[in-house]
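Report on the following structure.
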Amino acid sequence: MVKHLPLVLLTMATACGPSLSSLVRDHHYREAVCAVADGQDAEVVDAAVRAARAQLRAHRLSPAELTTISPGAPEALTTRAALVTVEFDSLRVPLDGLTAEVTLIDPEGAASTPATRTALIWATNETEPRPVHVKTGATNANALLALGYLITAGVPLVLGGAAALVWGRPFDPFPDRQVVKVDAPEREYERLAPIATALERTLPRCTPGLGASLRCKGILLVDPRVHGGTLRITVRARAQRRSRGGEELPEACVASHVYDLAWPKLDEDLDRQLATPSCEAGHTTDH
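When we follow this note's numbering, the leftmost residue of the sequence shown carries the number 578, and every step to the right adds one.
Given below as structure tokens:
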């Protein structure tokens, strides 16, 4: 009997906790995300997406819409990219994060890229301003000096200021400097890339709502030769680990699931619920 004791204890320990299916059924998504094993992500993420009633809308901007943003935009973009807005809307679910990454694919592979500032400047065939070099006092040495001033109640600052008055020389409490590279001023972007700058300022950005929800707007640059394809959406659910006392721990659990939504004609708006009845482990396909 003693020889089989470890096996009995192991069996009892395994059977103690709730099953993954029961966690999902009872909407304990945080616990479920941290309980998933390889190949089980789909069950948890898809259940959370269903509970959130996640809706996706995709729209290709017409030349008329682009003209209202910047008169030269349609002509500037015509040979390099089309602009597609992607919008998510959902309810909140008990998770610590719910995010989506979208790519348009066709038979040859990825046919889109996120519309970053640099990508928009390339698409409009404008010139991106060169970064500028500036001096800054935000260095490790100055951080240590600040800590020293705090520990000594600012006595060195008082002495340094007094010495500066006596000797008639300026006193710099943070003398260390370093040169860093930063983006050019906004006026340079307006001068060299006016169309891309207007597009970036006007078009919606991904600003998720409070809590775990898929409330987000984003922009994709799409190959103008592509007239239809599939939107591939990778959804990631995040759950922060917590101690038994409820305090957040540094580690987080993440589960992901991929959805494919057919978009045969980019000229026609897409408006679909994200979760679908047909679900395979790790991948959901639109039929």
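Even glycine gets a Cβ: it sits at the ideal position worked out from N, Cα and C.
Please read all numbers here as calculations on a predicted model, not as lab measurements.
Counting along the chain, Ala635 sits inside the beta strand (DSSP E) bounded by residues 632-637. For Pro640, the three-state secondary structure derived from DSSP is helix.
Proximity of the stretch 679-696 to the stretch 813-825 falls short of the contact definition, fewer than three beta-carbon pairs being nearer than 8 Å. Residue state for Gly649 is assigned as coil, using DSSP reduced to three classes. For Leu847, the enclosing beta strand (DSSP E) starts and ends at 847-850.
Residue pairing for Ser833: DSSP places it in a beta bridge opposite Arg813. According to the DSSP assignment, Leu675 belongs to the beta strand (DSSP E) that extends over 674-683. Under the three-state reduction of DSSP output, Leu660 falls in the strand class. Using a 10 angstroms sphere on the CB of Gly795, the tally of other CB atoms reaches 16 or more, which defines it as buried.
Arg792 places its beta carbon 8 Å or farther from that of Asp673. Per DSSP, the continuous alpha helix (DSSP H) segment holding Thr695 begins and ends at 694-700.
By DSSP's assignment, His710 forms a beta bridge with Lys758. Rounded to whole angstroms, the gap between the alpha carbons of Arg819 and Glu825 is 4 Å. Note that the stretch 625-638 touches the stretch 827-844; at least 3 beta-carbon pairs, one per stretch, sit closer than 8 Å.
By the Cβ-count criterion, Leu721 is exposed, with fewer than 16 other Cβ atoms from all chains shown falling within 10 Å of its own Cβ. When secondary structure is reduced to three states using DSSP, Gly686 falls in the strand class. Under the three-state reduction of DSSP output, Gly795 falls in the strand class. Excluding its 5 nearest sequence neighbours in each direction, Leu780 has C-beta neighbours in its own chain below 6 Å: Ile796, listed in chain order. Between Leu675 and Ser790, the C-beta spacing is below 8 Å. Measuring C-alpha to C-alpha distances from Leu843 to each of His604, Leu660, Asp603 identifies Leu660 as the nearest. Sequence-distant partners of Asp846 (beyond 5 residues in either direction) whose C-beta falls short of 6 Å from its own C-beta, in its chain, are His636.
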